[in-house]
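Quick notes on the structure that follows.
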Ligand code: AMP
Ligand code: MG
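In the numbering used here, the protein residues as written are 52 to 397.
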């Protein structure tokens, strides 16, 4: 064969090899399932040759990892650890699982770092305002009196929880404590699902639970994963995104559920509560998206920023400079427009 023919053959073989390589890489597996009550989880994995099981099996195990977290940490599931904790009387204690202990310790850390803005003992205040978000059309909002708010606040405070590392005990030192891990457990469940997938040999994946996401490796198309911020003006259209981010390996959490609020005397009150005042958070900060190495971190920081507001946000984000944490604040300005503020300012 002439040299020219050899070269041609090599080119053709290389082209075929590249086509086979790229088409197998494109093959990925994706599935969704409800994991946290009605909240859906989505898992996308690449066709990684290192996978130790079938892609279907891997994804099912990721779902299971997240469901386990919900069973342990949902305040609404009667037999969960958190529901048991919420039934303790002053002076009683409960032994926590390794996972719940870890999330509680992280919750205490963010409580300290946020100077009390992030507080998982905010349950009594949540219970106070929740009925106001679920009123029938035309039913008037009766705002709680200062006395009622003060009585609920007396049962709020992370200082009312005492932890003993040996045996992983938590003791309540106040009656009527109500812990709610809604601002941090979803992020943790995402992290755990990603860890599960990594342990099964997955190298490229994206996990999402109710808008909180984390990705590793890259998209099967050989580009960074894309994670979108939902447009608060179109909360019912999952395709309406405010911004699409390509940040590489990272986690992303958004705080400020635009569907969960009530209006009173022209002001919109969020489902997020400022434990320092006892009042629900009000605008103009309508949403906060945080990009961080882990989803627990992104989740906890996003909720903290929602409480701290746009004025204290920059100073708080600066505390996580070493970990490269970033935030995108969504401020409601005139005529329903949303202004985005990126932190830290570059
Ligand atoms: P997220 O969507 O992550 O911001 O979490 C919001 C949920 O966290 C609420 O629905 C409450 O269950 C809970 N929550 C509300 N306010 C606070 C707060 N200040 N600190 C911690 N958790 C809170
Ligand atoms: Mg959160």
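Note that CB positions come from ideal geometry on N, CA and C, so glycine has one too.
1. Verify whether the separation of the beta carbon atoms of residue 260 and residue 154 is less than 9 Å.
2. I need the straight-line Cα distance from residue 347 to residue 387, nearest angstrom please.
3. Provide the residue span of the alpha helix (DSSP H) that contains residue 357, from first to last.
4. Express the C-alpha separation of residue 390 and residue 138 in angstroms, rounding to a whole number.
5. Just list the residues that DSSP pairs residue 342 with in beta bridges.
6. Shorter than 8 Å, the distance from the beta carbon of residue 237 to the closest heavy atom of the ligand MG, or not?
7. Look at the alpha carbon of residue 302 and the alpha carbon of residue 364, and state the distance between them as a whole number of angstroms.
8. Pick helix, strand or coil for residue 322, following the three-state DSSP scheme.
9. Hey, would you say the C-beta of residue 170 is under 8 Å away from at least one heavy atom of the ligand AMP?
10. Report the partner residues of residue 159 according to the DSSP bridge assignment.
11. Look up residue 82 in the DSSP assignment and give the residues it is bridged to.
12. Any idea if residue 384 is buried or exposed, counting beta-carbon neighbours within 10 angstroms, 16 or more meaning buried?
13. Would the segment 166 to 184 and the segment 349 to 360 be scored as touching if the rule is three or more Cβ pairs under 8 Å?
14. If we count Cβ pairs, one from each stretch, closer than 8 Å, do we get three or more for the segment 212 to 232 versus the segment 332 to 346?
15. With burial defined as no fewer than 16 other Cβ atoms inside 10 Å of the residue's Cβ, what is the status of residue 283: buried or exposed?
16. Can residue 150 and residue 119 be called in contact, C-beta distance under 9 Å?
17. Am I right that residue 297 and residue 275 are in contact with their C-beta atoms under 8 Å? What's the rounded C-beta distance?
18. Under the rule that 16 or more other beta-carbon atoms within 10 Å means buried, what is residue 316, buried or exposed?
19. For residue 105 versus residue 95, is the C-beta spacing smaller than 9 Å?
20. Checking the sheet assignment: what are the DSSP bridge partners for residue 236?
21. Return the residue from the list 207, 189, 160 and 102 that minimises the CA-CA distance to residue 330.
22. I need the boundaries of the alpha helix (DSSP H) containing residue 295, first residue and last residue.
23. According to DSSP, simplified to helix, strand and coil, what is residue 55?
24. Considering only residues of the segment 168 to 230, which uninterrupted beta strand (DSSP E) runs meet the minimum length of 3 residues and lie entirely inside it, listed in chain order?
25. On the CB-based measure, 16 or more other CB atoms within 10 Å of its CB, does residue 379 come out buried or exposed?
26. Within the same chain, show all residues whose beta-carbon is closer than 8 Å to that of residue 292, passing over the 5 residues directly before and after it, in chain order.
27. Which stretch, first to last residue, makes up the alpha helix (DSSP H) that contains residue 113?
28. Does the distance from the CB of residue 121 to the CB of residue 128 come in under 9 Å?
29. Looking at the unbroken alpha helix (DSSP H) that takes in residue 135, where does it start and where does it end?
30. Which class does residue 392 belong to by DSSP, given the choice of helix, strand or coil?
31. Whose C-alpha, out of 226, 352 and 307, is nearest the C-alpha of residue 372?
Result, derived from the coordinates:
1. Walking along the chain shown from the start, residue 260 turns up at place 209. Walking along the chain shown from the start, residue 154 turns up at place 103. Cβ atoms of residue 260 and residue 154: not closer than 9 Å.
2. Sequence index remark: in the chain shown, residue 347 carries index 296 (1-based). Sequence index remark: in the chain shown, residue 387 carries index 336 (1-based). Each residue's Cα considered, the two are about 31 Å apart.
3. Taking the chain shown and counting its residues from 1, one reaches residue 357 at position 306. 346 to 369 is the span of the alpha helix (DSSP H), which, as asked, contains residue 357.
4. Your numbering for residue 138 matches position 87 in the chain shown. Your numbering for residue 390 matches position 339 in the chain shown. Separation of residue 138 and residue 390 (C-alpha to C-alpha, rounded to the nearest whole angstrom) is 43 Å.
5. For the purposes of this step, residue 342 is taken as residue 291 along the chain shown, with counting starting at 1. According to DSSP, which records beta bridges pairwise, residue 342 is partnered with 303 and 377.
6. Counting from one through the chain shown, the residue named residue 237 turns up at place 186. Indeed, a heavy atom of the ligand MG lies less than 8 Å from the Cβ.
7. As a working mapping, residue 302 is identified with position 251 in the chain shown. As a working mapping, residue 364 is identified with position 313 in the chain shown. Those two C-alpha atoms are separated by around 19 Å.
8. Locating residue 322 in the chain shown gives position 271, where the first residue counts as 1. Strand at residue 322.
9. If you number the chain shown from 1, residue 170 lands on position 119. Checking every heavy atom of the ligand AMP against the Cβ of residue 170, one is found closer than 8 Å.
10. Counting from one through the chain shown, the residue named residue 159 turns up at place 108. For residue 159, which the question treats as bridged, DSSP gives no partner whatsoever.
11. Start at 1 with the first residue of the chain shown, and residue 82 comes out as number 31. 94.
12. For this step, residue 384 is matched to residue 333 along the chain shown. Result: exposed.
13. yes
14. no
15. Counting from 1 along the chain shown, the entry for residue 283 is found at position 232. Buried: at least 16 other Cβ atoms inside 10 Å.
16. Within the chain shown, the letter at position 99 stands for residue 150. Within the chain shown, the letter at position 68 stands for residue 119. In this structure, residue 119 lies closer than 9 Å to residue 150 by Cβ.
17. Looking up residue 297 in the chain shown gives position 246. Looking up residue 275 in the chain shown gives position 224. Sure, about 4 Å apart at Cβ, within 8 Å.
18. Residue mapping note: residue 316 aligns to position 265 of the chain shown, counting from 1. Burial call: exposed.
19. Counting from one through the chain shown, the residue named residue 105 turns up at place 54. Counting from one through the chain shown, the residue named residue 95 turns up at place 44. Going by C-beta atoms, residue 105 is not nearer than 9 Å to residue 95.
20. As a first step, residue 236 must be located in the chain shown, where it is residue number 185. The partner list for residue 236 (beta bridge, DSSP) is empty, contrary to what the question assumes.
21. Residue mapping note: residue 330 aligns to position 279 of the chain shown, counting from 1. Residue 330 has its Cα closest to that of 207, out of 207, 189, 160 and 102.
22. Taking the first residue of the chain shown as 1, we reach residue 295 at position 244. Segment 292 to 296 is the beta strand (DSSP E) holding residue 295; no alpha helix (DSSP H) there.
23. Here residue 55 refers to the residue found at position 4 of the chain shown. If DSSP states are grouped into helix, strand and coil, residue 55 belongs with the helices.
24. 212 to 215 and 220 to 223
25. As a first step, residue 379 is located in the chain shown; it is residue number 328 there, counting from the start. Under this definition residue 379 is a buried residue.
26. For the purposes of this step, residue 292 is identified with residue 241 of the chain shown, where counting begins at 1. Here the set comprises 279, 280, 281 and 282.
27. Locating residue 113 in the chain shown gives position 62, where the first residue counts as 1. It spans 106 to 124 - the alpha helix (DSSP H) in which residue 113 sits, taken as one unbroken run.
28. Taking the chain shown and counting its residues from 1, the one referred to as residue 121 is at position 70. Taking the chain shown and counting its residues from 1, the one referred to as residue 128 is at position 77. Contact: yes.
29. Working through the chain shown from its first residue, we reach residue 135 at position 84. It spans 132 to 136 - the alpha helix (DSSP H) in which residue 135 sits, taken as one unbroken run.
30. Reading the chain shown from its first residue, position 341 is the one you call residue 392. Correct three-state label for residue 392: strand.
31. For the purposes of this step, residue 372 is taken as residue 321 along the chain shown, with counting starting at 1. The candidate whose alpha carbon is nearest that of residue 372 is 352.
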